[in-house]
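Take a look at the structure set out below.
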Amino acid sequence: MTHNVAILGASGYTGAELVRLIAQHPNIDIKALSGERKAGMAMADVFPHLRHMDLPILCKIDEIDFSQIDLCFCALPHKTSQEVIAALPKDLKIVDLSADFRLRDPDEYEKWYGNKHAALAQQGEAVYGLTEFYRDEIRGARLVAGTGCNAATGQFALRPLISAGVIDLDEIILDLKCAVSGAGRSLKENLLHAELSEGYNAYAIGSTHRHLGEFDQEFSKLAGRPVKVQFTPHLMPVNRGILATVYVKGDAQVIHDTLAVAYADEPFLQVLPFGEAPSTHHVRGSNYCHIGVAADRIEGRAIVFAALDNLTKGSSGQALQNANLMLGEKEEEGLTMAPLFP
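Be aware that the sequence shown starts at 1, since it is given in our numbering, and climbs by one per residue.
Okay, structure coming up:
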């Protein structure tokens, strides 16, 4: 069975990544692509690396006939996304890649994103899109909220450990490095090559990074009590990738064994041999996440690592993985490509 999909916000990085991934899917056809500022342009002109594909011309959202669409990917900025989704047909399946439906509490959304939620009915039905932990709910969902890429990386490193009670929940330090594509495609002065290259800096320091809302929500739900991690993201002058280094209190071998058992049957989550650390090089352009564990020199402490591609497993690959479940397709369909190396 062939499923027709639309991609809203196709002129951004995650939209282009969705196109690249869906091109390998035997049962999904792209019927509509929107790009408000680039409406009327061919995708080949916006993204020349896609010129070999026969794709619809970019259009405005109100020009799309959604009666012909089975599922819609929404790759729009937060705030814009909730307004657009609220106006879409009520029976249309949607995978949202923005932040608008990730937080279940509207007050928490306003706290982290600075504006009241404008689509409370849709927020109430949204399922959190971390596939490996919500796949049963995702299968029956109409609206799935894709996670933040940083939030996904940290959760892959920590969720099984919190559930199993093998680490001290008050002693979690998450140090994360992320690529510049995570900031989107809009022009920003601090992301110009001359200002970003050959440098490395922390940002959103302390309690200001919005993905902290997801960590608080998900880790506290797992633990059954409030859990707050220390989290500092750093911007790397590279195009793709996230590397999380997590410092925890617990037995390193037990931590490794817990993760290995938890992810033994997961096709995209690979736990490395004890003592090995992953590299963003080894997951680039793929839907895989590599996880490593090493003992710290301080007895009773361990270091957990997680590496993934922020545009793929952290966003568009996760979105297609969720769409596969929603459409009754095999979860891995279109996503088993090997990483690019070097």
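Ideal placement from N, C-alpha and C gives every residue a C-beta, glycine not left out.
Given the structure is predicted, the values throughout are model-derived calculations rather than measurements.
Quiz prompt | Three-way DSSP call (helix, strand, coil) for L33 in this model | solution = Within the sequence shown, the letter at position 33 stands for residue 33. Correct three-state label for L33: strand.
Exercise. Could you tell me if E132 is buried or exposed, where buried requires 16 or more neighbouring beta carbons within 10 angstroms of its beta carbon?
Key: On the sequence shown, residue 132 is found 132 positions in, with the first residue counted as 1. That one is buried.
Self-check item: Neighbourhood of F156 by C-beta distance below 7 Å, restricted to the same chain and skipping five residues each side
Solution: Taking the sequence shown and counting its residues from 1, one reaches residue 156 at position 156. Correct list, in chain order: L269, C289, I291, A306.
Quiz item: Excluding five sequence neighbours on each side, which residues of the same chain lie with their C-beta closer than 8 Å to the C-beta of P391?
Solution: Since the displayed the chain opens at 1 and closes at 342, residue 391 lies outside it and no answer follows.
Exercise. Measure the alpha-carbon distance for R135 versus A194 and round it to whole angstroms.
Key: Counting from 1 along the sequence shown, the entry for residue 135 is found at position 135. Counting from 1 along the sequence shown, the entry for residue 194 is found at position 194. For R135 and A194, the distance between alpha carbons rounds to 43 Å.
Practice problem: Spatial neighbours of G275 within its chain, please: CB distance less than 6 Å, with the 5 preceding and 5 following residues excluded, ordered by chain position. | Solution: If you number the sequence shown from 1, residue 275 lands on position 275. A294.
Exercise. Give me the Cα-Cα distance between S316 and K79, rounded to the nearest whole angstrom.
Key: Residue mapping note: residue 316 aligns to position 316 of the sequence shown, counting from 1. Residue mapping note: residue 79 aligns to position 79 of the sequence shown, counting from 1. Those two C-alpha atoms are separated by around 19 Å.
Quiz item: Taking the DSSP output, what are the residues bridged to D96?
Solution: Your numbering for residue 96 matches position 96 in the sequence shown. According to DSSP, which records beta bridges pairwise, D96 is partnered with C74, A145.
Quiz item: When the Cβ atoms of the segment 279-286 are set against those of the segment 192-211, are three or more pairs found closer than 8 Å?
Solution: no
Practice problem: Determine, using beta-carbon pairs with one atom in the segment 46-54 and one in the segment 16-34, whether at least three such pairs fall under 8 Å. | Solution: yes
Exercise. Over the uninterrupted alpha helix (DSSP H) stretch that includes Y368, give me the two end residues.
Key: Lying outside 1 to 342, the shown extent of the chain, residue 368 is not represented and no answer is given.
Practice problem: Please confirm if the segment 255-268 is in contact with the segment 171-184, defined as three or more CB-CB distances below 8 Å between the two stretches. | Solution: no
Quiz prompt | Residues sharing a beta bridge with F341, DSSP | solution = Position 341 of the sequence shown, counted from the start, is the residue given in the question as residue 341. None; F341 has no bridge partner.
Quiz item: Within the 9 Å Cβ cut-off, does G285 reach chain D?
Solution: The structure shown contains no chain D, having only a single protein chain.
Practice problem: Less than 8 Å between the CB atoms is what I'm expecting for R139 and M326, so what's the real figure, rounded? | Solution: By one-based count along the sequence shown, residue 139 stands at place 139. By one-based count along the sequence shown, residue 326 stands at place 326. 7 Å between Cβ atoms; contact.
Quiz item: Per DSSP, what kind of secondary structure is K313 in: helix, strand or coil?
Solution: Locating residue 313 in the sequence shown gives position 313, where the first residue counts as 1. If DSSP states are grouped into helix, strand and coil, K313 belongs with the helices.
Quiz prompt | Spatial distance of C178 from G35 (CA atoms) | solution = Looking up residue 178 in the sequence shown gives position 178. Looking up residue 35 in the sequence shown gives position 35. Their Cα atoms are separated by approximately 26 Å.
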